[in-house]
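Protein chains in written order, with the numbering used here: chain W, 27 to 355; chain Y, 27 to 355; chain U, 214 to 580; chain E, 214 to 580. Glycine is no exception: its CB is placed at the ideal position from the N, C-alpha and C atoms. Source: prediction; values computed, not measured. Some notes on the structure that comes next.
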Ligand SMILES: Cc1ncc(C[n+]2csc(CCOP(=O)(O)OP(=O)(O)O)c2C)c(N)n1
Ligand SMILES: Cc1ncc(C[n+]2csc(CCOP(=O)(O)OP(=O)(O)O)c2C)c(N)n1
Ligand SMILES: [Mg+2]
Ligand SMILES: [Mg+2]
């Protein structure tokens with residue numbers, strides 16, 4: 027029988043790191059404050075004591091250096107797990123991500139591969155300062171050669187992280203920090219993989235398919251429950267990996283209902299809601315009974331916290347958007 | 027009567043710079059090799075001799091420094107026009123673009139504004155080394171606070187560049203280098219503005235609306251001519267500014283035809299073809315007779331030149347794609 | 214010899230931990246000495262109140278400055294009226310000297326961008342959170358002023374951790390090449406959150422890094438406000454009016470300590486020893502300057518008590534003011550993205566406003 | 214005194230412009246001397262042929278190396294078999310020494326990624342085009358080997374222009390902090406395209422920048438292959454087996470000149486004087502070494518002629534081989550994006566293949 031623990035999402039991340047570091051000596055963690063401090067969100071808590079300073083490495087404050095050094099390590103066969111302290115601080119290392127991390131395999135025709143996982147807490151809602159609330163997964167999803175994973179439950183966080191670390195290719199692993207500690211879930215003690223590239227249905231329903239991921243699964247589920255009281259049944263699909271997208275799951279859920287909404291925190295224009303919409307109408311236009319409703323962040327810089335509750339899609343906005351799609355035309 | 031010159035696109039860029047530098051002392055150009063060398067594509071040719079080293083400034087090789095310094099200059103009321111040598115080399119300065127250039131106005135509640143224009147040659151097809159062929163306009167279009175302009179004719183190049191330089195807000199100005207010298211066009215000698223945010227119809231047609239921009243207008247027009255011989259009339263819309271998008275023009279052209287295709291060089295997933303598709307189905311689903319066809323680069327890193335002709339959307343791919351949309355279902 | 218020619222291995226000092234004079238005291242009037250002292254007291258008291266507001270849930274995450282008043286006030290006072298500061302996120306003390314109302318600083322950390330809207334005439338850049346990213350701005354802004362024929366000097370603040378970022382390198386290198394009137398002021402408070410100075414770089418000092426850019430770098434006792442004032446004054450003078458063979462920029466490494474947590478979200482006991490903290494607290498810049506000023510008979514019990522009372526009143530007033538500012542209207546976040554609202558953004562706002570109208574504010578605000 | 218303790222303002226030298234000995238000649242066998250000479254001749258001849266291939270439209274943009282053979286060959290020969298090089302885009306000469314077949318280099322510049330697929334056992338990183346971005350890789354890879362308990366050394370090449378990028382700073386700083394076995398070899402060829410060395414940085418030398426990272430930096434005459442060999446050998450030894458008080462990394466600034474254009478797309482006459490070029494051509498590393506080896510009676514006319522002939526043959530053979538490689542199948546670009554082709558990519562390929570099938574290759578290839 028599998029033993030489980032009741033963990034928060036961030037604890038599950040930590041557990042995933044612990045599990046893979048225990049199993050594979052080539053796995054090392056590096057970043058700012060990941061060592062003695064255990065990470066600013068405690069995602070690496072205790073790892074320094076367990077594995078020592080050569081495997082849980084506090085680096086100088088330099089994201090390009092962190093990611094670039096990890097590229098070099100991975101090219102030598104290690105499985106580095108670099109951390110950026112917030113996803114808004116990945117940008118100083120953006121060149122290393124899009125010019126190297128994503129391309130070593132292609133460039134060298136697979137002589138060099140990069141089994142590395144770049145982790146970062148991501149998204150808004152925790153009353154943090156500027157740049158601490160970004161959700162720009164679309165940047166990474168548009169860069170071929172990368173995979174982009176965003177768990178929304180403790181179980182997935184551990185299983186997807188293990189898959190990412192074991193993946194022969196580089197993975198950007200974005201952790202929705204709004205739900206780092208929002209709830210707990212059963213997480214097996216042993217190691218297990220939740221495969222990348224597979225969506226999961228969080229709720230069945232016949233009236234509309236609602237696609238979401240990360241922290242936005244919460245307001246979406248909340249809205250779905252309240253809509254159910256009004257007789258509107260949502261099929262809620264958590265995409266989990268936004269690159270590669272599970273297009274089969276998207277099309278299947280859509281065909282079932284003929285109506286859809288997408289919920290994400292990122293700005294609407296150029297966000298992945300557009301990619302999902304385009305996929306639907308490419309593959310299933312004949313099923314379509316209403317425009318796909320995008321319920322997203324606005325096309326403005328993420329505000330400081332006095333306004334962030336207005337910026338983030340709330341259950342109310344999801345409800346209103348779903349009703350619009352369901353009542354169309 | 028307006029005097030005109032017969033210029034290539036890159037000459038028109040140079041002419042736009044010359045015009046604005048002559049009119050406004052606050053306009054300065056800075057970047058790698060923009061001075062004596064006149065830019066690796068000659069976009070700043072002769073400006074150093076005309077305006078001197080204090081206004082046409084060769085900088086050290088450091089994109090974050092270039093863009094970051096330009097941010098500081100713009101905050102002091104200058105109108106800097108930084109250049110990145112190729113759009114693939116904007117990434118070392120990506121943090122300055124998305125964390126500062128796009129946000130100074132918001133952050134300071136408009137006390138500081140950044141009237142700056144970041145120029146870069148962009149796109150593939152010139153048999154260049156790795157990283158010299160990128161077309162990631164979607165990155166910048168997803169970042170609120172920026173405008174993103176991509177001219178496709180000499181006339182537009184000068185007029186849009188002048189608009190960009192005069193704009194109170196930061197503009198990313200991407201120049202399709204495949205057509206830098208591919209043809210000439212009449213360009214007024216005087217100054218004039220082509221407003222940002224306005225698409226233009228390059229060809230009228232009743233069967234399908236084809237949206238494109240930059241260097242892809244050429245294969246698109248070529249395909250349109252050849253399709254016309256087969257009796258398929260394309261309405262070709264050059265979007266010119268991809269942020270903000272001219273959604274009115276998109277919807278209008280679409281409603282006229284009920285069918286659409288988008289042609290861009292960038293990878294399909296997360297590219298702006300998705301945004302245009304989503305806009306269409308949000309605003310004009312009831313007119314839609316076929317899925318919007320995306321004819322784009324592939325979801326792979328841009329290849330070295332032995333394969334680039336296969337990567338870039340060719341007239342053949344545009345033709346085939348348009349036919350698919352026209353013949354649907 | 215100019216104070217800026219001090220070997221980076223040495224340290225510029227004026228008063229020691231007890232306030233005893235150990236170097237040339239800068240030529241300040243009694244009033245100026247008192248103003249320096251009062252600013253430091255004001256910054257300290259503000260800081261204590263801000264931390265407690267955060268604990269009470271009346272403010273978000275806040276980065277305290279206690280221990281760093283000497284470096285902030287001493288340096289900011291060295292500027293002329295037209296000069297500028299380009300801060301990171303911890304320079305509330307320096308901002309104070311430059312005329313940023315306390316209310317603004319409070320508003321900012323209460324989550325209002327409005328706190329960053331500096332009043333016209335207040336020459337302070339907005340808070341920059343991404344580490345070191347403000348450094349190229351300071352270079353570029355100084356360069357612009359030089360090109361425009363002005364003689365303003367830009368004082369740019371950053372931490373010890375910031376010296377590891379590429380932007381530090383690029384910003385200082387540009388300053389050397391274009392000879393911009395910029396003073397790069399490194400608040401080396403020994404820690405970048407939990408990462409100690411020695412893990413940041415293998416160089417013996419941070420000041421010596423200036424050599425890579427062709428200009429001078431000096432170390433100063435950052436908890437000695439008079440030494441900081443002296444070094445910064447010299448650097449500002451050189452930036453404004455260099456000798457023929459001199460480059461304008463200087464890097465100043467102000468050696469100091471942050472007494473408290475990195476931010477209110479941080480627990481420093483996890484990574485550093487109480488002993489170390491105590492050792493540095495003995496260098497506290499405030500009693501140190503006070504001792505000196507008492508010895509000089511510029512301060513006495515009565516004067517100190519007066520200052521303390523007025524400082525308390527000032528901070529309390531600012532808190533009242535800031536707390537009486539209502540939550541901004543959401544329309545505000547749309548209005549400052551561009552000079553003109555693009556149509557799509559207007560549509561997004563309208564749709565949002567309709568939902569808000571229907572569901573009410575409670576559907577958005579969790580408080 | 215170790216050669217690495219040379220003051221950065223000085224310059225390590227072994228033979229002068231005429232091949233006269235001015236320093237301690239490294240202890241190489243006759244064979245090794247000849248090999249060094251032959252590699253340099255091979256690199257030069259390869260370079261001339263490559264430029265002419267480009268002119269004839271048989272190759273794309275190509276970055277010539279003439280003038281820089283001394284630095285490339287001298288340094289690469291200092292490595293042991295297991296060591297690695299991490300190149301930029303101009304180190305075809307160094308790559309040669311490390312066992313990269315000429316055919317690969319040609320293929321790469323003919324637009325085939327396959328040219329970058331180093332044979333197993335060839336310890337060379339793929340060409341890196343974004344300036345300075347390979348530097349953190351060299352640090353990370355060396356660090357990995359050290360953590361894995363190996364003693365491989367990594368020799369990382371970059372230009373004078375690269376020293377201005379943030380990645381230079383971050384990569385060297387990490388090397389200092391983590392004491393990685395990396396030798397940072399700066400090919401200071403005086404120009405970054407049209408931007409001269411003095412516009413790159415205000416520091417007197419590039420070598421002195423190492424001081425900011427806590428390790429040694431030296432300057433070497435980069436057109437003196439023996440001096441380069443000597444300095445690099447010392448740096449490699451220290452990286453592998455440092456004394457107790459030493460950090461492993463070194464920065465070597467090899468002072469040299471690029472005789473030709475930046476790339477075949479560049480026209481250097483626009484920005485630099487013929488006089489300057491002539492001055493540097495007098496320092497050409499090849500005749501210089503040849504003179505020395507003739508004086509030492511290691512080379513003579515006959516031997517030189519033999520080498521020239523064999524070099525020509527080798528290059529001609531490689532060109533034939535490379536040109537006989539057909540244009541790759543487009544499927545190739547899909548196959549190396551990920552270990553496993555995602556379904557959407559497979560769909561994209563199939564759609565593309567169908568159009569290609571229908572319209573034919575001519576619809577894609579403009580040639
Ligand atoms: C680019 C970037 N990376 C990471 C962070 C997260 N972070 C905030 S403060 C800090 C430490 C800064 O240390 P230092 O430069 O010494 O300044 P101090 O806070 O000590 O004043 C870090 C890592 C950030 N703000 N920006
Ligand atoms: C990040 C980046 N910016 C710009 C370029 C364009 N570029 C290619 S080579 C070059 C000059 C490089 O000079 P240097 O480092 O001295 O090397 P060299 O070519 O002289 O060997 C530039 C600006 C680039 N490749 N990468
Ligand atoms: Mg610090
Ligand atoms: Mg060079």
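Any non-hydrogen atom of ligand 2 closer than 7 angstroms to residue i Cβ
i, result
"residue 402 of chain E", "yes"
"residue 371 of chain E", "yes"
"residue 475 of chain E", "yes"
"residue 122 of chain Y", "no"
"residue 264 of chain E", "no"
Counterpart residues of residue i in DSSP-defined beta bridges
i, result
"residue 84 of chain Y", "Y:57"
"residue 211 of chain W", "W:33"
"residue 290 of chain Y", "Y:322"
"residue 109 of chain Y", "Y:145"
"residue 467 of chain E", "E:400 and E:433"
"residue 396 of chain W", "The structure shown has nothing for residue 396 of chain W, since chain W only spans 27 to 355."
"residue 269 of chain Y", "Y:174"
"residue 302 of chain Y", "Residue 302 of chain Y pairs with nothing; no bridge assigned."
"residue 229 of chain Y", "Y:262"
Range of the contiguous beta strand (DSSP E) that encloses residue i
i, result
"residue 264 of chain Y", "260-264"
"residue 297 of chain E", "297-299"
Proximity test, residue i beta-carbon vs ligand 1 heavy atom, cut-off 7 angstroms
i, result
"residue 155 of chain Y", "no"
"residue 145 of chain W", "no"
"residue 202 of chain Y", "no"
"residue 160 of chain W", "no"
Any non-hydrogen atom of ligand 3 within 7 angstroms of residue i CB
i, result
"residue 405 of chain U", "yes"
"residue 374 of chain U", "yes"
Check: residue i C-beta below 7 angstroms from any heavy atom of ligand 4
i, result
"residue 78 of chain Y", "no"
Span of the alpha helix (DSSP H), counted from its first residue to its last, around residue i
i, result
"residue 247 of chain Y", "243-255"
"residue 90 of chain Y", "89-101"
"residue 280 of chain Y", "273-283"
"residue 318 of chain E", "315-322"
Handout entry: Complete beta strand (DSSP E) runs within the segment 167-206 of chain Y (minimum length 3 residues, chain order)
Key = List check, beta strand (DSSP E) in window: 173-175 and 197-202.
Problem - Length-filtered (3 minimum) beta strand (DSSP E) runs lying within the segment 392-430 of chain U - result: Complete beta strand (DSSP E) runs here, min 3: 395-401.
Exercise for the section: List in chain order: all unbroken beta strand (DSSP E) runs of 3+ residues lying wholly within the segment 333-373 of chain U. Expected result: Residue ranges of uninterrupted beta strand (DSSP E) with 3 or more members, entirely inside the segment 333-373 of chain U and ordered along the chain, are 367-372.
Practice task
Indicate whether the contact test is met: 3 or more Cβ pairs, each with one atom in the segment 253-262 of chain E and one in the segment 370-377 of chain E, closer than 8 angstroms.
Solution key: The segment 253-262 of chain E is not in contact with the segment 370-377 of chain E.
Exercise for the section: Could I get the ranges of all uninterrupted alpha helix (DSSP H) runs contained in the segment 228-293 of chain E, with 4 residues as the minimum, in chain order? Expected result: Whole alpha helix (DSSP H) segments, 4+ residues: 243-268 and 282-289.
Practice task
Flag this pair as touching only if the segment 378-387 of chain U and the segment 326-333 of chain Y have three or more C-beta atom pairs under 8 angstroms; answer yes or no.
Solution key: No, the segment 378-387 of chain U is not in contact with the segment 326-333 of chain Y.
Practice task
Determine contact between the segment 313-325 of chain U and the segment 265-274 of chain U, defined as no fewer than three beta-carbon pairs at a distance below 8 angstroms.
Solution key: Enough Cβ pairs lie closer than 8 angstroms, so yes.
Practice task
Examine the Cβ distances between the segment 511-531 of chain E and the segment 289-304 of chain E and report whether three or more of them are shorter than 8 angstroms.
Solution key: The segment 511-531 of chain E makes no contact with the segment 289-304 of chain E; the number of CB pairs closer than 8 angstroms stays below 3.
Practice task
Mind the definition here: the segment 223-234 of chain W touches the segment 254-271 of chain W only if three or more C-beta pairs lie below 8 angstroms; say whether that holds.
Solution key: Judged by pairs of C-beta atoms under 8 angstroms, the segment 223-234 of chain W touches the segment 254-271 of chain W, as three or more such pairs exist.
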